[in-house]
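The sequence shown runs 44 to 234 under the working numbering.
Glycine is no exception: its CB is placed at the ideal position from the N, C-alpha and C atoms.
These notes are about the structure you will find just below.
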Amino acid sequence: MDKLNLLIVGVGGQGTLLASKILGTVALKMDFDVKVSEVHGMSQRGGSVVTYVRFGKKVYSPLIEKGEADLIIAFEELEALRWIDYLTGDGKMIINEQEIDPMPVIIGKAEYPENILETLKAEHSIYSLDALKIARRCGTIKAVNIVLLGVMARLIGIDRQIFADAIHEVVPAKVLDVNLKAFEEGYNYHR
44 MDKLNLLIVG VGGQGTLLAS KILGTVALKM DFDVKVSEVH GMSQRGGSVV TYVRFGKKVY
104 SPLIEKGEAD LIIAFEELEA LRWIDYLTGD GKMIINEQEI DPMPVIIGKA EYPENILETL
164 KAEHSIYSLD ALKIARRCGT IKAVNIVLLG VMARLIGIDR QIFADAIHEV VPAKVLDVNL
224 KAFEEGYNYH R
């Protein structure tokens, strides 16, 4: 792998920003140039959050245009649907099988779309799993992001020790063990 254009998409509070910090650290450990850009919607109110992570020999801009993402990690199904147009033709998407109602659904102005996973899988390379269930089994639902990073590391072939070292550097000591366990669970997950 000589470059990667990656989107991390979710809603506020799901740990997308921590995931991007870990990925940035991983890229630096692999001697890549890395650019990270975070875009917050109403993230504190459960709104959409997207982080662009690009790394390679030389990266000039953090932004990724439609059709340029090699990989998208979606922390929630509707966010996967919203950002699918950014995936390259041969790109991959990792989706947490979780539905979080956005405000229009909560107040009754819209309905949550049905069959999102089936729709996306019909046309794209999709890897989906219940990362929330795995994180809960590890000891905290806050580790969904780390479970998904574990899946990503294995899927694209990044050495697990590089990720473990990055997690050690970025994650606070009081939650380090549970996050390392969540990473291993994601890395070893088989569908």
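With DSSP as the reference, label residue i as helix, strand or coil.
i	result
Val214	coil
Gly67	helix
Gly53	strand
Asn222	helix
Asn48	strand
Gly229	helix
Gly99	strand
Asp74	coil
Ile150	coil
Thr59	helix
Gly193	helix
Ser86	With a pLDDT of only 48 at Ser86, under 50, the local geometry of the prediction cannot be trusted, and no value is derived from it.
Less than 7 Å separating the Cβ of residue i from some heavy atom of the ligand COA?
i	result
Leu47	This structure lacks the ligand COA, and indeed carries no ligand of any kind.
Based on the DSSP secondary-structure assignment, which residues constitute the bridge partners of residue i?
i	result
Glu81	Thr94
Let's test the definition: count the other Cβ atoms within 10 Å of the Cβ of residue i and tell me whether it reaches 16, buried, or not, exposed.
i	result
Ser63	buried
Val52	buried
Leu219	exposed
Tyr103	exposed
Arg97	buried
Ser86	Because Ser86 carries a pLDDT of 48, less than 50, the predicted location of this residue cannot be relied on, and no value is offered for it.
Gly229	buried
Ile115	buried
Gln204	exposed
Met136	buried
Met146	exposed
With respect to the beta strand (DSSP E) encompassing residue i, which residues constitute its N-terminal and C-terminal limits?
i	result
Ile201	Where Ile201 is concerned, there is no enclosing beta strand (DSSP E), given that its DSSP letter is neither H nor E.
Ile169	Ser168 to Leu172
If I follow the unbroken alpha helix (DSSP H) through residue i, where does it start and stop?
i	result
Thr162	Ile159 to Lys164
Taking CB distances under 8 Å as the criterion, tell me whether residue i reaches chain D.
i	result
Ile210	Protein chains in the displayed structure number just one, and chain D is not present.
Runs of alpha helix (DSSP H) wholly within the stretch 107-145 (minimum 4 residues, chain order): 120-126
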